[in-house]
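**Q**
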Amino acid sequence: MDGNQRVAVVSGAARGIGAAIAKRLSSDGLGVAVLDLDESACAETVDSIREAGGRALAVGADVSDEAGVEAAIARIVDELGAPTVVVNNAGITRDNLLFKMSVDDWDAVMSVHLRGAFLLSRAAQKYMVEQKWGRIVNLSSTSALGNRGQANYSAAKAGMQGLTKTLAVELGPFGVTANAIAPGFIVTEMTAATAERIGVSFEDFKASVAAETPVRRIGVPEDIAHTASFLVSEGAGFVSGQVIYVAGGPKG
Ligand code: NAP
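Using full-length UniProt numbering, you'd call the opening residue of the sequence shown number 1 and step up by one each time.
1) At what residue ranges does the stretch 154-198 contain a whole run of the beta strand (DSSP E), taking only runs of 3 or more?
2) In terms of residue numbering, what span does the alpha helix (DSSP H) encompassing G68 cover?
3) May I have the straight-line CA-CA distance separating M190 from F230, to the nearest angstrom?
4) So, is M1 buried or exposed, given that buried needs 16 or more other C-beta atoms within 10 angstroms?
5) Are the beta-carbon atoms belonging to M128 and V176 less than 8 Å from one another?
6) Determine the closest residue to R6 out of Y245, V232, W106, with distance taken between C-alpha atoms.
7) What does the alpha-carbon distance come out to for the pair L34 and A67?
8) Quick one: what's R135 bridged to in DSSP?
9) Report buried or exposed for P221, applying the criterion of at least 16 other Cβ atoms within 10 angstroms of its Cβ.
10) Among the candidates S240, A182, F99, A14, whose CA atom is the shortest distance from the CA of G219?
11) Which first and last residues belong to the alpha helix (DSSP H) in which V109 is found?
12) Under 6 Å Cβ to Cβ from L145, same chain only, skipping five residues before and after it: list those, please.
13) Between the alpha carbons of R94 and H113, how many angstroms are there, rounded?
14) With C-beta atoms as the reference, is V10 less than 8 Å away from V46?
15) Can you list, in chain order, the residues of its chain with a C-beta nearer than 7 Å to that of K151? Leave out the 5 residues immediately preceding and following it.
16) Is I92 closer than 8 Å to I224 when the C-beta atoms are compared?
17) Where does S143 sit, in a helix, a strand or coil, going by DSSP?
18) Roughly how far, in whole angstroms, is the beta-carbon of A8 from the beta-carbon of L25, given that I think they are within contact range, below 8 Å?
19) Please name the residue, chosen from P173, G252, D78, that lies closest to Q161 on a Cα-to-Cα basis.
20) Nearest to L163 by CA position, among V243, T194, A210, T84, is which residue?
21) For G241, which of helix, strand or coil comes out of DSSP?
22) Near E234, what residues of its chain come up, given a Cβ to Cβ distance below 7 Å and the 5 sequence neighbours on each side ignored?
23) In whole angstroms, what separates the C-alpha of S201 from that of A207?
24) For A19, which residues in the same chain have their Cβ closer than 6 Å to its Cβ, ignoring the five residues on either side in sequence?
25) With distance defined between alpha-carbon atoms, name the residue in G248, F205, S141 nearest to A195.
26) Which residues bound the beta strand (DSSP E) around G60?
27) Check whether the Cβ of S141 sits closer than 7 Å to any heavy atom of the ligand NAP, and report yes or no.
What follows is the structure, given as structure tokens:
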């Protein structure tokens, strides 16, 4: 184990935005715990990091499960090193109009995003405080501003912003920053599922979103990874409690 290398935990890193963030933080020089529900699903991200010469560990855990998160962090400390960077990226959607939204769909979304970010941040903060350095990056969304069919998701993503600001206030004295990234439309399996739900082809969906976006394109996971890389960097230590909309135009 390289005792001087910073270690990051990225949740939901088997694919999509989380996988891009994990790879980017590795190329920035960090050891990366690639955490997702199914450990075997992390293999692709982990292999790609190792092939590029980085250090990565696949960790299977449900971020909404307290004991599972504690065990995951203990394993990361043992096998990779004490984590001082947490990227709370794991997420799900359970979209429906309010009158059709079930309590289960409400609770599932709250659990993964909010309870998950709380549990993972709480479990890792000890190591950040010990080292008097840390970075927490939470994935919010432009949906935090309101989005039809997403009462649960938009509430959770607005909650991520409140959590971020409080973590920034509480942990700032220990050299820890906390910031949120609020992506617009990013091409992943999540947005492909949204297209399917609303009954349009993914290609048409992408084209219509690009046409409405000031920079005239849709986002890719690397756009979010680039922003996460900045927030985690040494030089970003005076940026804390912020929400950065990464949406190809002004939001918020
Ligand atoms: P994605 O492709 O659906 O990937 C999400 C990952 O999180 C999946 O690998 C999923 O695992 C994992 N996950 C789900 N529940 C989990 C749990 N309880 N514990 C651990 N891992 C869990 O999503 P994405 O588009 O990359 O989104 C990543 C983050 O960005 C999410 O927080 C999302 O809300 C946010 N975001 C995305 C967009 C966008 O346009 N794509 C826009 C704004 C914000 P399984 O495959 O096993 O379910």
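Glycine included, every Cβ here is placed at the ideal spot set by N, Cα and C. Small disclaimer: the values here were computed from a predicted structure and weren't measured.
**A** Concretely, from the data shown:
1) 176-183
2) 66-79
3) 24 Å
4) The predicted model places M1 with a pLDDT of 45, which falls under 50 and marks its position as unreliable, so this point remains unresolved.
5) yes
6) V232
7) Residue identity check: residue 34 is Val in the sequence provided, not Leu. In a straight line, the C-alpha of V34 is about 18 Å away from that of A67.
8) V85, T177
9) buried
10) A182
11) 103-110
12) none
13) 12 Å
14) no
15) The question names Lys, but residue 151 is Ala in the sequence shown. Excluding residues within five positions, the ones whose Cβ falls inside 7 Å are L98, M101.
16) no
17) helix
18) 5 Å
19) G252
20) V243
21) coil
22) none
23) 10 Å
24) A13, T45
25) F205
26) 56-60
27) yes
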